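First to last, the sequence lines map onto chains A and B. Anchor point for the first sequence: position 134 equals 134 in the working numbering, and the numbering is continuous, going up by one each time. Anchor point for the second sequence: position 63 equals 63 in the working numbering, and the numbering is continuous, going up by one each time.
There are 2 protein chains.
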Amino acid sequence: MRKSDIQTVRKLALFSDMSDECFETMLQGAFLQRFPSAVVLIGEGEPADFLHIVVDGCVELYATTNGRESTMAVVRPVATFILAAVLADAPYLMAARTIESSQILMIPAENLRDAMKNDAELTRAVVNELANSYRSVVKTLKNHKLRSGVERLANYLVSTHENQGANGRIYLPVEKKLLASMLGMTPENLSRAFATLKPYGVRVKGADIEISLIDDLRVLAKPNELIDNPRS
Amino acid sequence: MRKSDIQTVRKLALFSDMSDECFETMLQGAFLQRFPSAVVLIGEGEPADFLHIVVDGCVELYATTNGRESTMAVVRPVATFILAAVLADAPYLMAARTIESSQILMIPAENLRDAMKNDAELTRAVVNELANSYRSVVKTLKNHKLRSGVERLANYLVSTHENQGANGRIYLPVEKKLLASMLGMTPENLSRAFATLKPYGVRVKGADIEISLIDDLRVLAKPNELIDNPRS
DNA sequence: TTTGTAGCTTGACATTTATCAAGTGACTGA
DNA sequence: TCAGTCACTTGATAAATGTCAAGCTACAAA
Numbered sequence: 001m002r003k004s005d006i007q008t009v010r011k012l013a014l015f016s017d018m019s020d021e022c023f024e025t026m027l028q029g030a031f032l033q034r035f036p037s038a039v040v041l042i043g044e045g046e047p048a049d050f051l052h053i054v055v056d057g058c059v060e061l062y063a064t065t066n067g068r069e070s071t072m073a074v075v076r077p078v079a080t081f082i083l084a085a086v087l088a089d090a091p092y093l094m095a096a097r098t099i100e101s102s103q104i105l106m107i108p109a110e111n112l113r114d115a116m117k118n119d120a121e122l123t124r125a126v127v128n129e130l131a132n133s134y135r136s137v138v139k140t141l142k143n144h145k146l147r148s149g150v151e152r153l154a155n156y157l158v159s160t161h162e163n164q165g166a167n168g169r170i171y172l173p174v175e176k177k178l179l180a181s182m183l184g185m186t187p188e189n190l191s192r193a194f195a196t197l198k199p200y201g202v203r204v205k206g207a208d209i210e211i212s213l214i215d216d217l218r219v220l221a222k223p224n225e226l227i228d229n230p231r232s
Numbered sequence: 001m002r003k004s005d006i007q008t009v010r011k012l013a014l015f016s017d018m019s020d021e022c023f024e025t026m027l028q029g030a031f032l033q034r035f036p037s038a039v040v041l042i043g044e045g046e047p048a049d050f051l052h053i054v055v056d057g058c059v060e061l062y063a064t065t066n067g068r069e070s071t072m073a074v075v076r077p078v079a080t081f082i083l084a085a086v087l088a089d090a091p092y093l094m095a096a097r098t099i100e101s102s103q104i105l106m107i108p109a110e111n112l113r114d115a116m117k118n119d120a121e122l123t124r125a126v127v128n129e130l131a132n133s134y135r136s137v138v139k140t141l142k143n144h145k146l147r148s149g150v151e152r153l154a155n156y157l158v159s160t161h162e163n164q165g166a167n168g169r170i171y172l173p174v175e176k177k178l179l180a181s182m183l184g185m186t187p188e189n190l191s192r193a194f195a196t197l198k199p200y201g202v203r204v205k206g207a208d209i210e211i212s213l214i215d216d217l218r219v220l221a222k223p224n225e226l227i228d229n230p231r232s
């Protein structure tokens with residue numbers, strides 16, 4: 001494992017305050033690996049043996065039942081995923097796969113749990129991370145229970161527009177098929193939702209989206225702090 | 001605060017392993033209060049000043065946006081709610097109200113956070129509780145993204161049937177209006193969903209439900225361990 | 001270049017879900 | 001006792017969403 005990669009991980013909020021000693025011990029038996037796109041990293045229902053950290057690339061968390069499949073979240077560097085399963089020592093509730101070539105750090109679950117016993121700062125950070133993960137899923141659930149498909153798309157566009165500099169255009173960071181699944185709709189319906197937003201200044205050219213009437217779009221979207229703001 | 005109530009709370013998984021000293025210190029400034037039905041205990045977006053524990057009665061967690069409202073969860077004794085907001089020191093993402101006369105223990109957020117600094121067992125229990133809360137919301141989200149309304153109802157009936165002794169009948173513990181909101185549908189639609197399940201041996205008489213063809217119902221519901229099992 | 005292949009879009013249609021309106025029955029409070 | 005309210009149900013209708021099929025485009029492999 002390269003020193004620069006270790007530095008990157010060390011700076012994660014989850015690990016930044018723990019002691020050097022505990023950090024190094026925890027990384028014993030951890031490994032950093034590069035995977036090509038579309039590789040399934042973990043399967044739904046498997047025992048949680050490793051904490052995973054996306055160091056580079058992009059990972060999709062998804063769930064299936066009865067032949068259906070849905071994207072639950074998309075994880076970008078540098079962030080952990082399936083922390084809760086590791087801590088509860090329970091099976092993964094979501095599967096994970098790379099959606100582009102990705103570098104993944106895998107820390108044995110045992111190591112993390114041991115490190116938490118010896119390092120109060122780590123434990124504090126874990127509590128924080130978990131609490132925020134929980135809040136993030138609650139927001140997603142609110143988004144789905146309280147809004148229609150078009151509204152979810154509109155809010156996604158408004159948020160993304162802000163995150164990307166609010167300059168009247170967006171570049172979609174994921175394929176539309178995946179975006180549709182994130183938003184809980186079919187690809188066909190996403191196309192139609194984009195068409196519905198045309199009168200609100202949304203023009204689609206591949207992954208490039210023009211947002212010319214952001215105020216009108218916001219009136220439709222009615223963004224809500226307690227759903228759309230990742231912080232707070 | 002009565003001794004018997006303290007005993008009850010003490011036995012909570014969250015507090016059972018902490019030291020007597022920390023437990024008592026934590027309860028300084030805490031108060032146990034009885035509320036009538038339909039009282040709003042906390043509002044969406046308010047700062048998280050207290051950890052709440054349902055000692056008796058029943059509490060609904062719900063969320064609103066843009067005039068719409070949806071039930072996120074129902075909390076029964078003895079359990080905590082909005083732990084994550086308290087730990088993240090962030091505004092409540094969900095509002096809470098009693099749905100029957102209830103006794104609520106409120107522990108100042110500060111006290112909990114202080115107690116965690118001094119009691120490693122409490123911290124461990126908090127991590128566990130948080131991880132399980134997270135997993136619970138993920139299951140709810142999967143339920144909504146992967147199933148239709150009728151399927152959600154069918155699975156609710158199958159689960160409830162097992163929890164209530166699997167003897168061919170169920171007593172609905174909540175009003176149908178609330179059940180509808182929990183399941184993410186309108187009351188009208190819930191009525192129709194029950195009608196749809198008639199050929200699967202579901203007969204409704206008020207809050208009493210007869211489940212005469214549980215095997216057929218299970219074939220329709222296709223229950224999934226990783227959605228419907230509260231444990232694991 | 002050709003030929004796939006995959007992502008995306010569009011149309012036609014089916015299904016699911018919501019909305020509006022009306023009516024029933026049970027309980028409550030005057 | 002009676003009126004009113006509320007939960008619930010049902011029907012009619014509308015809106016949202018999914019499915020199936022076809023076609024288009026861009027990109028990649030042969």
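Here a beta-carbon is modelled for each residue, glycine too, at the ideal position from N, C-alpha and C. These figures come from a predicted structure and were not determined experimentally.
Residues sharing a beta bridge with residue i, DSSP
i	result
B/S101	DSSP lists no partner for B/S101.
B/I42	B/A96
B/Y171	B/D208
A/E56	Checking the sequence shown, residue 56 of chain A turns out to be Asp, not Glu. Per DSSP, A/Q103.
A/F194	In the DSSP output, where bridge partners are listed per residue, A/F194 has none listed.
B/L61	B/A73 and B/A96
A/R203	A/E210
A/R218	Its beta-bridge partners do not exist; DSSP assigns none.
A/R68	A/T65
B/S51	The question names Ser, but residue 51 of chain B in the sequence shown is Leu. DSSP, once it has assigned bridges, lists B/I107 as partnering B/L51.
Reference residue i; option with closest CA among the options
i	options	result
A/D56	A/I104, A/S37, A/L27 and A/P36	A/I104
A/L146	B/T65, B/Q164, B/H144 and B/S37	B/T65
B/E100	B/E60, B/R124, B/L12 and B/R231	B/E60
A/M26	A/S19, A/D20 and A/N111	A/N111
B/R2	B/R34, B/M18, B/R203 and B/E21	B/R34
B/S148	B/V137, B/T196, B/L51 and B/N163	B/T196
B/D49	B/A84, B/I214, B/L178 and B/R152	B/A84
B/N143	A/V40, A/P199 and A/M72	A/M72
A/F82	A/A109, A/Y200, A/R192 and A/M18	Looking at the sequence shown, residue 82 of chain A is not Phe but Ile. Cα-wise, what sits closest to A/I82 is A/A109.
B/H52	B/M94, B/Y134 and B/N189	B/M94
B/A120	B/I227, B/N229, B/D5 and B/F15	B/F15
A/I227	A/R124, A/V138, A/E162 and A/S191	A/V138
B/D216	B/M18, B/V40 and B/E151	B/E151
B/E256	B/R124, B/E175, B/A96 and B/K198	With chain B covering 1 to 232 only, the question about residue 256 of chain B has no answer from this structure.
As assigned by DSSP and simplified to three states, the class of residue i
i	result
B/T160	helix
A/M185	coil
B/E129	helix
A/L12	coil
B/P108	strand
A/A79	strand
B/L32	strand
A/I135	The residue asked about is misnamed: residue 135 of chain A is Arg in this sequence, not Ile. Of the three classes helix, strand and coil, the one that applies to A/R135 here is helix, per DSSP.
B/L213	coil
B/R147	coil
A/S4	helix
A/N224	coil
B/D119	coil
B/M18	coil
B/D114	helix
Sequence-distant residues of the same chain with beta carbon closer than 7 Å to residue i, five excluded per side
i	result
A/T8	V55 and V78
A/Y156	L183
B/D208	R169 and Y171
A/K177	P187
Beta-carbon proximity list for residue i, same chain, < 6 Å, skipping 5 on both sides
i	result
A/R231	none
B/M185	G149
B/F194	V204
B/S37	T98, E100 and S101
Close beta carbons around residue i, own chain, < 8 Å, minus the five adjacent residues each side
i	result
A/E225	S232
A/P223	N155, V158 and S159
B/A164	The residue asked about is misnamed: residue 164 of chain B is Gln in this sequence, not Ala. These residues qualify, in order along the chain: I170 and Y171.
Heavy atom of the ligand ADP within 7 Å of residue i beta-carbon
i	result
A/S101	In the structure shown, the ligand ADP is absent, as is every other ligand, since no ligand is present at all.
When you check each C-beta in the region 55 to 75 of chain B against every C-beta of chain A, which residues fall closer than 9 Å? A63, T64, T65, N66, R68, E69, S70, T71 and M72
Any C-beta of chain A within less than 8 Å: which residues of the region 138 to 150 of chain B qualify? V138, K139, T140, L141, K142, H144, K145, L146 and R147
Please name the residues in the region 116 to 132 of chain B whose beta-carbon is closer than 9 Å to at least one beta-carbon of chain A, in chain order. M116, K117, A120, T123, R124, V126, V127, N128, L130, A131 and N132
Can you list, in chain order, the residues of the region 74 to 93 of chain A whose Cβ is nearer than 7 Å to any Cβ on chain B? A84, L87, A88, A90, P91 and L93
Give, in chain order, every residue of the region 211 to 224 of chain B whose Cβ lies closer than 9 Å to some Cβ of chain A. K222 and N224
Scan the region 27 to 57 of chain A for residues whose Cβ lies nearer than 7 Å to a Cβ of chain B and list them as they occur along the chain. E44 and G45
Please list, in chain order, the residues of the region 167 to 192 of chain B that have any C-beta partner in chain A closer than 8 Å. G184
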